[in-house]
Amino acid sequence: SPSNDPSSHKSKKIRKARTAFTDHQLNTLEQSFERQKYLSVQDRMELAAKLNLSDTQVKTWYQNRRTKWKRQTAVGLELLAEAGNYAAVQRMLQTNPYW
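Numbering (UniProt numbering), first residue to last: 1 to 99.
See the structure below:
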């Protein structure tokens, strides 16, 4: 089909292969994320160097992880609200510094 013709994609950027993180890298990234949801440029560069990753790889992992975290938090709030546990919802909203 014409859409699969490589010559029709001259201006298309070649997509970088998906990074396969090692268990050690993932564990370290998760531990770091538990401590702080947002990294300073300095912290990000240090973490990238420590894990032998690029700054961009760490930045992208953090962006994706925050999206997952926010989605999980939203689902948790919905479940509490459905259960009629509004006091718990209020407590969560008051104690979570990331809203």
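Every residue, glycine too, gets a C-beta built ideally from N, C-alpha and C.
Between the region 24-35 and the region 53-66, can you find at least three pairs of beta-carbon atoms closer than 8 Å? Enough Cβ pairs lie closer than 8 Å, so yes.
Unbroken stretches of the alpha helix (DSSP H), 4 residues or longer, contained in the UniProt DNA-binding region "Homeobox" (14-73): With a minimum length of 4 residues, the continuous alpha helix (DSSP H) runs that stay inside the UniProt DNA-binding region "Homeobox" (14-73) are 23-35 and 41-51.
Leu29 and Trp61 look like a contact to me (Cβ under 8 Å); what is the Cβ gap, rounded to whole Å? Confirmed, about 6 Å.
My guess is that residue 103 and Leu77 are in contact by the Cβ rule of under 8 Å, so how many angstroms apart are they, rounded? Not covered by the structure: residue 103. The range shown for the chain is 1 to 99.
With Phe21 and Arg65 assumed to form a contact (beta carbons below 8 Å), what rounded beta-carbon distance in angstroms separates them? At roughly 11 Å, the Cβ-Cβ gap does not stay under 8 Å, so Phe21 and Arg65 are not in contact.
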